[in-house]
Amino acid sequence: MTRLRRHRRLTASESAREVRVQDLFENAEASRCFDLAGDLWLEVGTGKDSHILERSLRHPETLHLGIEQTRKKFEMMLRKAEMLNCSNNLKLLHADAIPAVSECFPDESLAGVFLLFPDPWPKERHAHRRLLQSSFLSLIARKLRPDALLEIRTDEPEYARQAHEALLEIKALQNLTGGKPWLDSPIDPENHVETLFEQRFRNEGKAIHYFYLKKTN
Numbered sequence: 582m583t584r585l586r587r588h589r590r591l592t593a594s595e596s597a598r599e600v601r602v603q604d605l606f607e608n609a610e611a612s613r614c615f616d617l618a619g620d621l622w623l624e625v626g627t628g629k630d631s632h633i634l635e636r637s638l639r640h641p642e643t644l645h646l647g648i649e650q651t652r653k654k655f656e657m658m659l660r661k662a663e664m665l666n667c668s669n670n671l672k673l674l675h676a677d678a679i680p681a682v683s684e685c686f687p688d689e690s691l692a693g694v695f696l697l698f699p700d701p702w703p704k705e706r707h708a709h710r711r712l713l714q715s716s717f718l719s720l721i722a723r724k725l726r727p728d729a730l731l732e733i734r735t736d737e738p739e740y741a742r743q744a745h746e747a748l749l750e751i752k753a754l755q756n757l758t759g760g761k762p763w764l765d766s767p768i769d770p771e772n773h774v775e776t777l778f779e780q781r782f783r784n785e786g787k788a789i790h791y792f793y794l795k796k797t798n
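What follows is the structure, given as structure tokens:
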């Protein structure tokens, strides 16, 4: 008989990295949930990827918050953060992305947002769950402060086209890709942090679509 593997309980230090929705509601600025001051960068839908963890290590002067809806993946991220010895400039939030972004972050409070390989939800009945549509991207634009950055990556050509059409409707976001809808490679390779999905897709020969945008004043 196959034995079920059970995750151990989170340690106190792992649990201390979790920020709760109530914590964000009780603070006028999400950055107040950290023990540090700095610009706040948000990654929506971390999965179990280490992108936001590695970025927090590379940029200790800035604050990083990752949102993940699936509790199992969220707890894996807490454990990974501890294993990598991430600093207190990293926090993780277990929540549904759309209401969390809408309710937990003041307008013009974020220095940057990452939307990396979100689920394309290809079936029409699941269309309302897609993140790369005008309603959610407009919400993200509202939360970005002037000159803040939005980075999107996807391997799905149709999802990339949908995102491009949605972004054209949002006048507050300026495309940084020189007139192209997206790039085929990172805009700044030296500072680019590759995700696990990205590495896998590249090994499979899939094209990656990179979007880079800036919030206008």
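Here this note's numbering runs 581 ahead of the position in the sequence shown, where the first position is 1. Each residue gets a CB set at the ideal place from its N, CA and C atoms; glycine is no exception. Just so we're clear, the structure is a prediction, and the values are computed from it rather than from any experiment.
Pick helix, strand or coil for residue i, following the three-state DSSP scheme.
{"i": "residue 791", "result": "strand"}
{"i": "residue 666", "result": "coil"}
{"i": "residue 777", "result": "helix"}
{"i": "residue 757", "result": "coil"}
{"i": "residue 738", "result": "helix"}
{"i": "residue 661", "result": "helix"}
{"i": "residue 605", "result": "helix"}
{"i": "residue 671", "result": "strand"}
{"i": "residue 654", "result": "helix"}
{"i": "residue 583", "result": "Reliability of the predicted coordinates at residue 583 is poor, the pLDDT of 41 falling under 50, and the value obtained from them is presented with this limitation in mind. Residue 583 falls in the coil class under three-state DSSP."}
{"i": "residue 727", "result": "strand"}
How far does the beta strand (DSSP E) with residue i in it extend, from its first residue to its last?
{"i": "residue 624", "result": "621-625"}
{"i": "residue 695", "result": "691-697"}
{"i": "residue 712", "result": "Looking at the DSSP string, residue 712 is not in any beta strand (DSSP E), and its letter there is neither H nor E."}
{"i": "residue 648", "result": "644-649"}
How would you label residue i, buried or exposed, when you count the other beta carbons within 10 angstroms and need 16 or more for buried?
{"i": "residue 727", "result": "exposed"}
{"i": "residue 651", "result": "exposed"}
{"i": "residue 718", "result": "buried"}
{"i": "residue 735", "result": "buried"}
{"i": "residue 618", "result": "exposed"}
{"i": "residue 781", "result": "exposed"}
{"i": "residue 786", "result": "exposed"}
{"i": "residue 623", "result": "buried"}
{"i": "residue 586", "result": "With a pLDDT of 48 at residue 586, under the threshold of 50, the predicted position of this residue should be treated as unreliable, though the coordinate-derived value follows. Exposed."}
{"i": "residue 792", "result": "buried"}
{"i": "residue 566", "result": "Since the displayed the chain opens at 582 and closes at 798, residue 566 lies outside it and no answer follows."}
Which residues in the same chain have their Cβ closer than 7 Å to the Cβ of residue i, if we skip the five residues on either side of it in sequence?
{"i": "residue 777", "result": "630"}
{"i": "residue 740", "result": "701, 713"}
{"i": "residue 591", "result": "656, 659"}
{"i": "residue 681", "result": "602, 648, 674"}
{"i": "residue 620", "result": "643, 644, 692"}
{"i": "residue 616", "result": "669"}
Excluding the 5 residues flanking residue i on each side, which residues of the same chain have their C-beta closer than 6 Å to its C-beta?
{"i": "residue 797", "result": "753, 755"}
{"i": "residue 582", "result": "With a pLDDT of only 37 at residue 582, under the threshold of 50, the placement of this residue in the model should not be trusted; the figure read from the coordinates follows. So the list is empty, once near-sequence residues are dropped."}
{"i": "residue 677", "result": "650"}
Starting from residue i and walking both ways along the alpha helix (DSSP H), at which residues does that stretch end?
{"i": "residue 680", "result": "678-685"}
{"i": "residue 635", "result": "632-639"}
{"i": "residue 618", "result": "Element bounds for residue 618: n/a, residue is neither H nor E."}
{"i": "residue 721", "result": "715-724"}
{"i": "residue 595", "result": "593-596"}
Using a Cβ-Cβ cutoff of less than 8 Å, which residues in the same chain neighbour residue i once the five nearest sequence positions on both sides are dropped?
{"i": "residue 609", "result": "687"}
{"i": "residue 584", "result": "Legend: pLDDT at residue 584 = 45, less than 50; position of this residue unreliable, no value from coordinates given."}
{"i": "residue 663", "result": "592, 594, 595, 598"}
{"i": "residue 639", "result": "772, 774"}
Closer than 8 Å to a non-hydrogen atom of the ligand NAD - does that hold for the CB of residue i?
{"i": "residue 642", "result": "This structure simply doesn't include the ligand NAD, nor any ligand for that matter."}
Query raised in the report: Okay, do the segment 655-674 and the segment 596-608 touch, 3+ Cβ pairs below 8 Å being the bar?
Result: yes
Query raised in the report: Does the segment 622-629 come close enough to the segment 694-703 to have 3 or more Cβ pairs within less than 8 Å?
Result: yes
Requested in this report: Inspect the CB distances between the segment 716-731 and the segment 758-777 and report whether three or more fall short of 8 Å.
Outcome: no
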